[in-house]
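Those letters in the sequence shown? Residues 19 to 160, per the numbering used here, in order.
C-beta atoms are modelled at their ideal positions from N, C-alpha and C, and glycine is treated no differently.
All remarks here apply to the structure that follows.
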Amino acid sequence: MGGELLHKKFKDLNILVTGVSSGIGYAVAKAYDERGANVFGVDINKIKKPTKLSGKFNFFNCEVQNYNKMKEIVKKIIKKNKRIDILINCAGIIDFKSIENSSIHFWKKIIDVNLTGTFISCKIIAPLMKKNKKGSIINVSS
């Protein structure tokens with residue numbers, strides 16, 4: 019009975035997850051998808067793992083730091099589903115090199131994806147949630 023209740027709880031939710039091609043973002047998207055939510059995944063890369071995501075899962079290929087493209091994606095979601103209930107920002111990149119061997123160029127890319135991408139998603143979606151008087155934003159970092 020507990021599983022049925024959990025499934026009903028997420029059934030009508032519209033959830034946008036960034037960074038869905040692998041890692042935490044993939045696991046989060048898959049978990050909500052399995053529980054019946056409408057999941058919208060955003061990532062610059064295609065999903066790497068063999069997957070059995072439902073027909074309710076929608077993938078958008080996009081760099082999260084691209085404001086215009088993200089705005090366009092959100093517009094499409096809102097047009098079809100009227101709202102976004104939960105935003106989960108998981109997109110992120112990392113440089114495993116030592117600081118001596120890291121480049122300034124890659125450092126700027128990390129800031130652009132990890133910080134600016136999160137800022138952009140929140141900037142676009144928070145006003146919509148405010149207008150609907152409900153919504154949750156979860157920012158994942160490490």
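Return helix, strand or coil for residue i, following the three-state DSSP convention.
i       : result
Phe-60  : Note that residue 60 is Val in the sequence shown, not Phe. Correct three-state label for Val-60: strand.
Leu-146 : helix
Ser-120 : coil
Phe-75  : coil
Ile-111 : coil
Leu-31  : coil
Ser-160 : coil
Ser-154 : strand
So, under 8 Å CB-CB, residue i and residue j are touching, yes? Tell me the CB distance rounded to an integer number of Å.
i      : j       : result
Ile-65 : Tyr-44  : 7 Å
Asn-32 : Asp-103 : 5 Å
Thr-36 : Asn-99  : Thr-36 to Asn-99, Cβ: 17 Å. No contact.
Asn-79 : Phe-58  : Not quite, the Cβ-Cβ distance comes to about 12 Å (not below 8 Å), so this is no contact.
Compute the Euclidean distance between the alpha carbons of residue i and residue j, then round it to the nearest angstrom.
i       : j       : result
Glu-118 : Ser-160 : 21 Å
Phe-137 : Gln-83  : 9 Å
Ile-128 : Leu-71  : 29 Å
Asp-130 : Ile-42  : 19 Å
Ser-116 : Trp-125 : 12 Å
Lys-141 : Lys-94  : 17 Å
Shortest alpha-carbon distance to residue i belongs to which of the options?
i       : options                           : result
Gly-54  : Lys-27, Val-35 and Ile-42         : Lys-27
Ser-40  : Ile-96, Ile-111 and Glu-90        : Ile-111
Ile-156 : Ile-122, Ala-109 and Lys-126      : Ala-109
Ser-139 : Lys-74, Asn-86 and Tyr-50         : Asn-86
Asn-132 : Leu-34, Lys-74, Lys-29 and Glu-81 : Glu-81
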